[in-house]
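When the letters of the sequence shown are read in order and numbered with our numbering, they come out as residues 1 to 248.
Ideal placement from N, C-alpha and C gives every residue a C-beta, glycine not left out.
Okay, so here's the structure we're looking at.
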Amino acid sequence: MIKSAIILFLSSILGGVMAMKSFDKITSNVKHLLVFAGSFLFSITVIHIFPELFEAKVPSLYLSLFILGGFFFQLFLEYFSDGVEHGHMHAHGHGEGHTSMRSFSLMLALCVHSFLEGTLLAHPEAVHNHDHSEGTLLTGIVLHKIPAAIALLSVLACAHKNVKTQLLMLLIFSLSSPIGIFAGHFLEETGVLNTTQMTYLFAFVAGNFLHISTTIFIESSPEHKWNSKKMAIAIFGAGLAVAAELLI
Numbered sequence: 001m002i003k004s005a006i007i008l009f010l011s012s013i014l015g016g017v018m019a020m021k022s023f024d025k026i027t028s029n030v031k032h033l034l035v036f037a038g039s040f041l042f043s044i045t046v047i048h049i050f051p052e053l054f055e056a057k058v059p060s061l062y063l064s065l066f067i068l069g070g071f072f073f074q075l076f077l078e079y080f081s082d083g084v085e086h087g088h089m090h091a092h093g094h095g096e097g098h099t100s101m102r103s104f105s106l107m108l109a110l111c112v113h114s115f116l117e118g119t120l121l122a123h124p125e126a127v128h129n130h131d132h133s134e135g136t137l138l139t140g141i142v143l144h145k146i147p148a149a150i151a152l153l154s155v156l157a158c159a160h161k162n163v164k165t166q167l168l169m170l171l172i173f174s175l176s177s178p179i180g181i182f183a184g185h186f187l188e189e190t191g192v193l194n195t196t197q198m199t200y201l202f203a204f205v206a207g208n209f210l211h212i213s214t215t216i217f218i219e220s221s222p223e224h225k226w227n228s229k230k231m232a233i234a235i236f237g238a239g240l241a242v243a244a245e246l247l248i
């Protein structure tokens, strides 16, 4: 648990620092990283998280409703985050007051999403039956968080010229997933949430993942044009997820 928290924290910091140090070079290639991350995340959601959720001893209908709820909750969060969690790197040029409010809503939405991601790693034995499950899932989240941090810094750089402010916001974002891990572990260990309720929480987060990963695919080709390079990257990402599930 502690190792996962450290890895998630460092992956967000790494993405932010990469964006600050060599922004133009990094952002020009981030879409390919996003396609790979989206494909990997989508694949582990479908072949790893969903099957083991539905193997849990809870009603399938309720699981499906929580997955659906998570999907639409992520859509709601993106109203405030402008899609930064799946790589959008645009900022709006409004007045200072509007910019401050927009930054606050952006950070709040991203931190809620990131916190929920962390809860999925809180105590994976509750729904995961394989020893390697945490590592595979952690890899998918890390691959998603690095480009998200890059996108976040690109937006913050436009909204806040003060580097200290950018670093503070990056730090808050980087801490939200580790806090989610410890919070989820605490809720289960203290009995606030039982195993069934934790399973529903995991289903809700899986719905988040489903929305983010599919959105990445749609937005990577906004004009719906065939792109052999992106297709190859997506297939490679999916294949790697399948290999990790079968072989590790």
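Are residue 209 and residue 7 closer than 9 Å when you measure CB to CB? One-based indexing of the sequence shown puts residue 209 at position 209. One-based indexing of the sequence shown puts residue 7 at position 7. At least 9 Å separates the beta-carbon of residue 209 from that of residue 7.
What whole-angstrom Cβ distance do residue 147 and residue 15 have, given they're in contact under 8 Å? Residue numbering aside, residue 147 sits at position 147 when the sequence shown is read from its first letter. Residue numbering aside, residue 15 sits at position 15 when the sequence shown is read from its first letter. Residue 15 and residue 147 do touch by the CB rule: their CB atoms are close to 7 Å apart, below 8 Å.
Taking only three categories from DSSP, how would you classify residue 57? For this step, residue 57 is matched to residue 57 along the sequence shown. Of the three classes helix, strand and coil, the one that applies to residue 57 here is coil, per DSSP.
Taking the straight line between their C-alpha atoms, what separation do you get for residue 72 and residue 40? Along the sequence shown, read from residue 1 onward, the residue named residue 72 stands at position 72. Along the sequence shown, read from residue 1 onward, the residue named residue 40 stands at position 40. The straight-line gap from Cα to Cα measures roughly 21 Å.
Along the chain, which unbroken stretches of the alpha helix (DSSP H) at least 4 residues long are found entirely within the region 192-243? Contiguous alpha helix (DSSP H) elements confined to the region 192-243 occur at 195-220, taking only those with 4 or more residues.
Just how far apart, CA to CA, sit residue 154 and residue 18? Your numbering for residue 154 matches position 154 in the sequence shown. Your numbering for residue 18 matches position 18 in the sequence shown. Those two C-alpha atoms are separated by around 11 Å.
Quick one: using the 10 Å Cβ neighbour count with 16 as the cut-off for buried, is residue 119 buried or exposed? In the sequence shown, residue 119 corresponds to position 119, counting from 1. Burial call: buried.
Exposure of residue 244, with buried meaning 16 or more beta-carbon neighbours within 10 Å: Your numbering for residue 244 matches position 244 in the sequence shown. The residue in question, residue 244, is buried, as its Cβ has 16 or more Cβ neighbours within 10 Å.
On the criterion of 16 or more Cβ atoms from any shown chain inside 10 Å, does residue 232 qualify as buried, or is it exposed? For the purposes of this step, residue 232 is identified with residue 232 of the sequence shown, where counting begins at 1. Exposed is the call here.
Counting along the chain, where does the alpha helix (DSSP H) carrying residue 21 start and finish? Numbered from its first residue, the sequence shown carries residue 21 at position 21. Where residue 21 is concerned, the enclosing alpha helix (DSSP H) stretches over 2-21.
Tell me which same chain residues have a C-beta within less than 8 Å of the C-beta of residue 246, skipping the five on either side of it? For this step, residue 246 is matched to residue 246 along the sequence shown. Correct list: empty, nothing qualifies.
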